[in-house]
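K.L.:
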Amino acid sequence: KAGIIKPGIPVVVGEMPGEALSTILRIAKERGSEAWVFGREILLTVDAPGTPTLPSPSRHSRPAGGGTRSGAYVVTTPHGTHAGLVPGLTGVMQPHNMALAVAAMDAAGSTKTLGGLHRGARDAFVPGRMQRVHAEDREWLLDGAHNRESAKALAESLVASGDADRRIVLLTGMVQGHDPEPLYGELASSVAEVIFAPIDFHRAVQPGQLMELAGGLFAKALAAETLDGAIQAAISATSPDDLILVSGSFYLVGEVGRLFGLGDRE
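Take the sequence shown: its letter number 206 is residue 714 in our numbering, and every next letter is one higher.
#1: To the nearest angstrom, how far is the alpha carbon of R577 from that of R711?
#2: Assuming the contact rule is C-beta atoms closer than 8 Å, L608 and G522 should be a hit. Round their C-beta distance to whole Å, please.
#3: My assumption, with CB atoms under 8 Å, is that A732 sits in contact with F704. Please give the rounded CB distance.
#4: Keeping to the same chain, check which residues put their C-beta closer than 8 Å to that of I676; ignore five residues upstream and five downstream.
#5: When you compare the CB positions of F768 and V641, do they come within less than 8 Å of one another, or not?
#6: Rounded to the nearest angstrom, what separates I743 and Q602 at their Cα positions?
#7: Could you check how far apart the C-beta atoms of M682 and V634 are, in whole angstroms? I think they sit under 8 Å.
#8: Where S658 and E527 are concerned, what is the direct C-alpha to C-alpha distance, given to the nearest angstrom?
#9: Could you have a look at T621 and say whether DSSP puts it in helix, strand or coil?
#10: Taking G579 and V594 to be in contact with their CB atoms under 8 Å, please state how far apart those CB atoms are, rounded to whole angstroms.
#11: Taking DSSP as the reference, what is the three-state secondary structure of L735?
#12: Determine whether the beta carbon atoms of E549 and T585 lie at a separation below 8 Å.
#13: Kindly indicate the opening and closing residues of the alpha helix (DSSP H) around G765.
#14: Which complete beta strand (DSSP E) runs does the segment 614 to 699 hold, if anything under 3 residues is left out?
#15: Whole angstroms are fine: how far does the CA of A611 sit from the CA of A591?
#16: Pick from G588, V545 and G596: whose alpha carbon is nearest that of R630?
Encoded structure:
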């Protein structure tokens, strides 16, 4: 991914393993590109007097969604300090992602007003990323996590939001090119039951195959023949107090969202 670095153009670097970071920094240096790294040039702190910088890059120290009662953060870059920023997106990675977005604005010289940053952070919306939906007398959480890292962040977000204390049924599917065992290994302990669903995409992995590959990771597993059947199975397996988590592929999340009549901003 470091191939995207352009000669002389600043590069903003988020949290990542040391080997990958070393490669990015080496290529940035070779191309004369100034690198701002999260936890080094880019600092994220809770917006409260005397609060220390949030640590990085430990995967176990991510700021949980909200972080403080106000949910506000301070982002500091080589070009300035921006206080009172509240991420509108939920999930443990969102303060980190917000900090990178602010840093990118600063590096590009595009930051005009603090008010604009506040609105941008607050109003940011990504369909299928920790998106809550109420339909069929059930609460659904749509999240397109499709690899180990994003599934781990999703599991951490379930804890941070309190959803981990609820009974969760996972409705899921995958496309080829991703290893199901690491993904589902991160989620298995969080869910009571899994329902594998088909995806209307030519590279989709069939539910029966997912059952063979990953069904044993879960306490209870079912392979549905149709998406409608999977949705009905999820409804039948839950009560209104439970949570249905739809994850594993943005393609699946998009199909479920369309069935519920969701638009891009809903």
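Backbone N, C-alpha and C fix where the C-beta goes; we use that ideal spot for every residue, glycine too. In this text the structure is predicted, and so the values were computed from the model without any measurement.
P.N.:
According to the structure data:
#1: For this step, residue 577 is matched to residue 69 along the sequence shown. For this step, residue 711 is matched to residue 203 along the sequence shown. Interpretation of R577 is limited by its pLDDT of 36, a score under 50 that renders its predicted location unreliable; no figure is taken from the coordinates.
#2: Here the question's residue 608 lines up with position 100 in the sequence shown. Here the question's residue 522 lines up with position 14 in the sequence shown. About 5 Å; that satisfies the 8 Å criterion.
#3: Residue numbering aside, residue 732 sits at position 224 when the sequence shown is read from its first letter. Residue numbering aside, residue 704 sits at position 196 when the sequence shown is read from its first letter. Confirmed, Cβ separation roughly 7 Å.
#4: Against the sequence shown, residue 676 aligns to sequence position 168. A distance below 8 Å between beta-carbons, with the five flanking residues on each side excluded, links I676 to the following residues of its chain, in chain order: L666, S698, V699, A700, D750, L751, I752 and L753.
#5: Indexing the sequence shown from 1 puts residue 768 at position 260. Indexing the sequence shown from 1 puts residue 641 at position 133. Yes, these two residues count as a Cβ contact at 8 Å.
#6: In the sequence shown, counting from the first residue as 1, residue 743 sits at position 235. In the sequence shown, counting from the first residue as 1, residue 602 sits at position 94. For the pair I743 and Q602, the Cα-to-Cα distance works out to about 29 Å.
#7: By one-based count along the sequence shown, residue 682 stands at place 174. By one-based count along the sequence shown, residue 634 stands at place 126. Not a contact, Cβ separation roughly 20 Å.
#8: Translated into the one-based positions of the sequence shown, residue 658 becomes position 150. Translated into the one-based positions of the sequence shown, residue 527 becomes position 19. In a straight line, the C-alpha of S658 is about 19 Å away from that of E527.
#9: As a first step, residue 621 must be located in the sequence shown, where it is residue number 113. T621 falls in the coil class under three-state DSSP.
#10: As a first step, residue 579 must be located in the sequence shown, where it is residue number 71. As a first step, residue 594 must be located in the sequence shown, where it is residue number 86. Yes, they are in contact, since the Cβ atoms of G579 and V594 sit about 5 Å apart, within 8 Å.
#11: As a position in the sequence shown, residue 735 is number 227, starting the count at 1. Three-state result, L735: helix.
#12: In the sequence shown, residue 549 corresponds to position 41, counting from 1. In the sequence shown, residue 585 corresponds to position 77, counting from 1. The answer is yes: Cβ separation under 8 Å.
#13: Taking the sequence shown and counting its residues from 1, one reaches residue 765 at position 257. First-last of the alpha helix (DSSP H) with G765: F758 to L767.
#14: Fully enclosed beta strand (DSSP E) runs of 3 or longer: 639 to 643, 646 to 650 and 676 to 680.
#15: Counted from its first residue, the sequence shown places residue 591 at position 83. Counted from its first residue, the sequence shown places residue 611 at position 103. Their Cα atoms are separated by approximately 13 Å.
#16: Translated into positions along the sequence shown, residue 630 becomes position 122. For the set G588, V545 and G596, the Cα lying nearest the Cα of R630 is the one of G596.
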